[in-house]
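Engineer:
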Amino acid sequence: MNHASLAPSPWIVRWSHLLAPGASVLDVACGSGRHMRWFGGRGHPATGVDRSQDAIAAAAAFGRAVQADIEDGPWPFEGQHFGAVVVTHYLWRPRLPDIVAAVAPGGVLLYETFAAGNESVGKPSRPDFLLQPGELLAACAGLRVVAYEDGFLPEPERFVQRIAAVRPCVAASGPPPRHRLQQP
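Numbering (our numbering), first residue to last: 3 to 186.
1. Can you have a look at I14 and say buried or exposed, based on whether 16 or more other CB atoms are within 10 angstroms of its CB?
2. So the beta strand (DSSP E) D152 belongs to, where does it begin and stop?
3. Hey, out of T49, S122, V148, whose CA is closest to V89's CA?
4. Which complete beta strand (DSSP E) runs does the segment 73–103 hold, if anything under 3 residues is left out?
5. If we call anything under 8 Å between Cβ atoms a contact, is H83 one with V105?
6. Can you look up L132 in the DSSP assignment and give me helix, strand or coil?
7. Looking only at C-alpha atoms, which of Q55, F161, A63 sits nearest to W40?
8. Is the separation between the beta-carbon of V30 and that of V87 shorter than 8 Å?
9. Pick out the complete beta strand (DSSP E) segments inside the segment 3–71, 3 residues or longer, and give them in chain order.
10. Using the three-state DSSP reduction, which class does E159 fall into: helix, strand or coil?
11. Once DSSP output is grouped into helix, strand and coil, what is the label at A143?
12. Please list the terminal residues of the continuous beta strand (DSSP E) segment that includes V105.
13. Rounded to a whole number of angstroms, what is the C-alpha to C-alpha distance between R169 and R146?
14. Tell me, which residues are paired with D164 by DSSP?
15. Count the other CB atoms, across all protein chains shown, that sit within 10 Å of the CB of S34; report buried if there are 16 or more and exposed otherwise.
16. Under 8 Å Cβ to Cβ from L132, same chain only, skipping five residues before and after it: list those, please.
17. Determine the closest residue to R97 out of D74, G65, Y150, with distance taken between C-alpha atoms.
18. Can you tell me the Cα-Cα spacing of G43 and A167, whole angstroms?
19. Which term fits G65, buried or exposed, when burial requires 16 or more other beta carbons within 10 angstroms of its beta carbon?
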């Protein structure tokens, strides 16, 4: 799939207003960089990581591109934080803590992938690649959930879980930051 020619995920677009102006973005399993391109076009410096050399070559046109096998190798962003971490159509459970930890204080996690039930309508169908009910919520326990969905989407037919969550700012006092909700 050539993600560079595809529009960004409507979920990512819908919740991207939660990012601070100029916030850095990490796109995990970025493919050819469709989300890097979209965020870069809105003034957000983007970094993408993927194990495919061809994908990274394409994604490099939209920002910093890191070729790494995050399933069999080390996490290449240890100790780094981003204003947003974006993940679509990717699940590797051992990396969920690293992905969540990469969200900076005040930063946003935008995650969307396949969920249990998808095996009834197509691929992926292996349980290894399908989130179980509430699994994404549990992985984001330290974040403030702004939006969460778990269910069936008709076109194309698929079961998904998706979340928009914010890491609380470290503030001495005062009210929490105001993240404006958008109407669908």
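Don't be surprised by glycine CBs; every beta carbon is placed ideally from N, CA and C. Keep in mind it's a predicted model, so treat the numbers as computed, not measured.
Structural biologist: So, from the listed chains and residues:
1. The residue in question, I14, is buried, as its Cβ has 16 or more Cβ neighbours within 10 Å.
2. The continuous beta strand (DSSP E) containing D152 extends over residues 146–155.
3. When the alpha-carbon of V89 is set against those of T49, S122, V148, the nearest one is in T49.
4. Within the segment 73–103, complete beta strand (DSSP E) segments of at least 3 residues are found at 84–90, given in chain order.
5. Yes, the pair counts as a contact, with Cβ atoms nearer than the cut-off.
6. For L132, the secondary structure class from DSSP, reduced to helix, strand or coil, is coil.
7. Of Q55, F161, A63, the residue nearest in Cα terms is A63.
8. In terms of Cβ geometry, V30 and V87 form a close pair [threshold 8 Å].
9. The qualifying runs are 27–30, 48–52, 66–69.
10. Reduced to three states, the DSSP call for E159 is coil.
11. In this structure, A143 counts as coil in the three-state DSSP scheme.
12. That run of the beta strand (DSSP E) goes 105–116.
13. Rounded to whole angstroms, R169 to R146 spans 6 Å at the Cα level.
14. Residue identity check: residue 164 is Arg in the sequence provided, not Asp. Per DSSP, E114, E151.
15. Flag for S34 reads buried.
16. In its chain, beyond the 5 residues on either side, L93, F116, A117, A118, G119, N120, E121, P126, F161 have a beta carbon closer than 8 Å to the beta carbon of L132.
17. Selected option, being the one with the closest Cα: D74.
18. Distance between the alpha carbons of G43 and A167: 22 Å.
19. It is buried - the Cβ of G65 has at least 16 other Cβ atoms within 10 Å.
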